[in-house]
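See structure below.
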Amino acid sequence: MKRRSKSKSSVLLLLSVVIIISFAFIGFKGLEVAGWRVKSFDEGITKGLDLQGGVSVLMEIVDEDVSSDVLERTKQLLELRVNKIGVAETVVTVEGDKRIRIDIPGAFNSSEIVDGLTKTGNLEFKDSEGNVVLTGKDVKEATAILDDTSRPVVSLELNEDGQSKFADVTAKNIGKSIGIYMDGEAVSSPVVQNAITDGKAVINGMSSMDEAKKLAGVISSGALPVTVEAASVKNVGAQLGAEALPNALKAGAIGVGLIFVFMIIYYRVPGIFASIALTLYISLVLLLFAEMKVTLTLPGIAALLLTIGMAVDANILIFERIREELSRGISIKSAVKAGFENAMSSIVDSNSTTFIAALILYFIGSGSVKGFAVTLMIGIVLSLFTALIVTKTLINLAVEIGLLKSLGQFRVKRGENNA
């Protein structure tokens with residue numbers, strides 16, 4: 001019975017180590033099997049401005065007495081507006097009571113972005129006498145396309161109410177022009193050739209496809225409930241970001257490598273299992289970043305390295321407690337159990353206070369401070385899991401199969417007494 005239990009523990013330990021190492025390898029390198037690809041962490045994680053360059057725009061609402069609902073609605077419309085013009089991986093956050101920051105990673109023209117964001121988005125169709133016959137509320141969808149002559153235009157599809165209005169207006173204005181105005185400025189004045197009953201219209205006069213996309217994005221997002229202006233525009237060079245990321249990764253790899261070396265040299269066999277658990281911890285954190293669409297910044301990398309240090313600290317507390325118990329002369333199995341139990345309160349207390357501090361930073365901070373706080377909170381939760389569950393399981397399995405059976409493997413000399 002004991003031999004069967006030992007064999008089962010051996011299989012579980014080997015399987016656990018193989019799964020952890022394989023998971024980490026696939027996460028860092030990626031995998032492609034029969035045309036199906038698993039993205040690496042580097043491909044899946046969104047990188048912030050400081051890692052790949054881009055534009056950071058701080059928009060400020062000009063109107064007075066802005067409610068929280070209006071602020072949130074403005075934020076949503078600005079985010080939709082930026083994404084509609086083909087900008088991906090944007091980070092839009094509220095700062096204070098009247099400001100909204102928009103971070104746009106990548107190399108983009110800041111003046112065009114600001115121009116698109118500051119438009120109020122008030123779309124109007126006016127007949128030849130200047131009467132407003134349709135508004136942006138009657139538009140179902142706006143799309144930038146190329147017409148039959150390969151010129152960029154904005155194709156409009158009206159909703160059911162707008163389709164009925166447009167059919168009536170065009171029937172009454174055959175041979176006359178219907179002006180299309182954006183924020184009071186005429187962008188197109190097509191002449192009605194016949195009644196349009198399918199609810200489709202075209203805005204022409206675009207000089208480029210990018211201009212058409214920008215206008216389509218503004219129309220699709222709808223009119224802003226308030227007037228906004230750019231309080232500040234900051235460009236982060238792509239070269240700075242390109243240099244920052246490799247340097248940050250190199251520093252992180254060296255730091256983690258030194259931690260592994262220290263753990264293995266100082267704590268020997270238990271240090272090896274702690275390093276395996278830390279490998280799983282780092283992989284889980286990066287996986288969670290990718291799945292949660294967390295934007296990784298340099299402060300975020302700093303927070304990640306900080307939580308790695310906290311995870312190592314938890315293992316050190318556990319191993320020192322085990323060594324204390326072994327010095328008292330009890331068995332290795334009992335010492336391991338007592339070591340984890342005695343270290344748990346210290347580990348939970350220290351991590352809880354740090355988590356509370358991160359929570360406060362998240363609620364009162366903004367921008368990169370929030371990113372640092374989110375990274376720190378995720379890291380704390382996962383470090384507790386790997387230290388108190390994964391490391392404990394690996395050590396217990398190693399003790400069960402006899403892989404950890406001598407005091408020397410814990411750096412404890414026979415007869416040593418710390419009292």
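Under the UniProt record's numbering, the first residue of the sequence shown carries the number 1, and numbering increases by one thereafter.
We put the CB at the ideal spot given by N, CA and C, even for glycine.
Here the structure is a predicted model, which is why all the values come from computation and not from measurement.
Contacting residues, own chain, Cβ-Cβ under 8 Å from Arg99 (five flanking each side not counted): Here residue 99 corresponds to residue number 99 of the sequence shown, with the count starting at 1. Around Arg99: Leu58, Met59, Glu60, Ile61, Ala231.
Are Ser283 and Phe28 close, meaning C-beta to C-beta below 9 Å? Here residue 283 refers to the residue found at position 283 of the sequence shown. Here residue 28 refers to the residue found at position 28 of the sequence shown. The answer is yes: Cβ separation under 9 Å.
Is Glu229 closer than 9 Å to Thr118 when the C-beta atoms are compared? As a working mapping, residue 118 is identified with position 118 in the sequence shown. As a working mapping, residue 229 is identified with position 229 in the sequence shown. Yes. Within cutoff.
By a C-beta neighbour count over all protein chains shown, 10 Å radius and 16 as the cutoff for buried, is Glu160 buried or exposed? As a working mapping, residue 160 is identified with position 160 in the sequence shown. The residue is exposed, with fewer than 16 neighbouring Cβ atoms inside 10 Å.
In terms of alpha-carbon separation, which member of Glu129, Val70, Leu361, Phe372 lies closest to Pro299? Reading the sequence shown from its first residue, position 299 is the one you call residue 299. The candidate whose alpha carbon is nearest that of Pro299 is Phe372.
Classify Val399 as helix, strand or coil using the three-state DSSP reduction. What you label residue 399 is simply residue 399 of the sequence shown in a count that begins at 1. Note: Val399 maps to helix in three-state DSSP.
Closest to Leu158 by CA distance: which of Arg101, Pro105, Ala201, Asn342 is it? In the sequence shown, the residue the question calls residue 158 occupies position 158. The shortest C-alpha separation from Leu158 is found at Ala201.
Compute the Euclidean distance between the alpha carbons of Lys6 and Thr307, then round it to the nearest angstrom. Within the sequence shown, numbered from 1, the residue matching residue 6 stands at position 6. Within the sequence shown, numbered from 1, the residue matching residue 307 stands at position 307. Their Cα atoms are separated by approximately 35 Å.
Pick helix, strand or coil for Ser5, following the three-state DSSP scheme. Position 5 of the sequence shown, counted from the first residue, corresponds to residue 5. Helix at Ser5.
From the DSSP output, in three-state form, read off Lys39 for me. To locate residue 39, count along the sequence shown from 1; it is residue 39. Looking at Lys39 - three-state DSSP - the assignment turns out to be coil, as it is neither helix nor strand.
Kindly identify the DSSP beta-bridge partner or partners of Ile61. Numbered from its first residue, the sequence shown carries residue 61 at position 61. Beta-bridge pairing links Ile61 to Val228.
Asp198 versus Val192 - alpha carbon distance: Numbered from 1 along the sequence shown, position 198 holds the residue referred to as residue 198. Numbered from 1 along the sequence shown, position 192 holds the residue referred to as residue 192. Rounded to the nearest angstrom, the two C-alpha atoms are 14 Å apart.
Indicate the three-state DSSP secondary structure (helix, strand or coil) for Glu129 in the structure shown. Looking up residue 129 in the sequence shown gives position 129. Coil.
At the level of alpha carbons, what is the spacing between Ser327 and Pro246? By 1-based counting over the sequence shown, the position of residue 327 is 327. By 1-based counting over the sequence shown, the position of residue 246 is 246. Distance between the alpha carbons of Ser327 and Pro246: 45 Å.
Here's the rule I'm using: 16 or more other beta-carbon atoms within 10 Å means buried, otherwise exposed. How should Ala253 be labelled? Working through the sequence shown from its first residue, we reach residue 253 at position 253. Exposed is the call here.
Glu95 bridges to which residues according to DSSP? As a first step, residue 95 must be located in the sequence shown, where it is residue number 95. In the DSSP output, where bridge partners are listed per residue, Glu95 has Arg99.
Classify Met182 as helix, strand or coil using the three-state DSSP reduction. Within the sequence shown, the letter at position 182 stands for residue 182. Three-state result, Met182: strand.
Sort out for me which residues DSSP pairs Ile104 with in a bridge. Residue mapping note: residue 104 aligns to position 104 of the sequence shown, counting from 1. Answer by DSSP bridge pairing, in chain order: Val55.
Touching or not, the segment 9-18 and the segment 389-407, by the rule of three or more beta carbon pairs under 8 Å? yes
Go through its chain and collect everything with a Cβ distance to Glu124's Cβ below 6 Å, but skip five positions before and after it. As a working note, residue 124 is residue 124 in the sequence shown. Val132, Thr135, Tyr181, listed in sequence order.
With DSSP collapsed to three states, give me the class of Ser283. Counting from 1 along the sequence shown, the entry for residue 283 is found at position 283. In this structure, Ser283 counts as helix in the three-state DSSP scheme.
Roughly how many whole angstroms lie between the Cα atoms of Ala251 and Ile259? On the sequence shown, position 251 is the one that residue 251 refers to. On the sequence shown, position 259 is the one that residue 259 refers to. Whole-angstrom Cα-Cα distance: 12 Å.
Leaving out five residues on either side along the sequence, give the residues of the same chain with a beta carbon under 6 Å from the beta carbon of residue 453. Past the edges of the chain, shown from 1 to 419, lies residue 453, and the structure says nothing about it.
Distance between Asn396 and Ile318 (C-alpha atoms, nearest Å): Within the sequence shown, residue 318 is the residue found at index 318, counting from 1. Within the sequence shown, residue 396 is the residue found at index 396, counting from 1. The alpha-carbon atoms of Ile318 and Asn396 are separated by roughly 13 Å.
Nearest-angstrom Cα distance between Ser331 and Lys337? For this step, residue 331 is matched to residue 331 along the sequence shown. For this step, residue 337 is matched to residue 337 along the sequence shown. C-alpha separation (whole angstroms): 10 Å.
Around the C-beta of Lys214, are 16 or more other C-beta atoms found within 10 angstroms, so that it is buried, or is it exposed? Translated into the one-based positions of the sequence shown, residue 214 becomes position 214. Buried, because 16 or more other Cβ atoms sit within 10 Å of the Cβ of Lys214.
Sorted by chain position, which residues of the same chain lie with C-beta nearer than 7 Å to Val153's C-beta, five sequence neighbours on each side aside? On the sequence shown, residue 153 is found 153 positions in, with the first residue counted as 1. Result list for Val153: Ile145, Asp147, Val202, Ile203, Asn204, Met206, Ala212, in chain order.
To which residues does DSSP link Lys172 through a beta bridge? To locate residue 172, count along the sequence shown from 1; it is residue 172. BP columns for Lys172 are empty, so no partner.
Is Thr46 closer than 9 Å to Leu280 when the C-beta atoms are compared? Locating residue 280 in the sequence shown gives position 280, counting from the first residue. Locating residue 46 in the sequence shown gives position 46, counting from the first residue. Not in contact: Leu280 and Thr46 (Cβ atoms no closer than 9 Å).
Could you give the first and the last residue of the continuous beta strand (DSSP E) run that contains Ile145? For the purposes of this step, residue 145 is taken as residue 145 along the sequence shown, with counting starting at 1. 139-146 is the span of the beta strand (DSSP E), which, as asked, contains Ile145.
Contained beta strand (DSSP E) runs [length at least 3] in the segment 263-336, N- to C-terminal order: none
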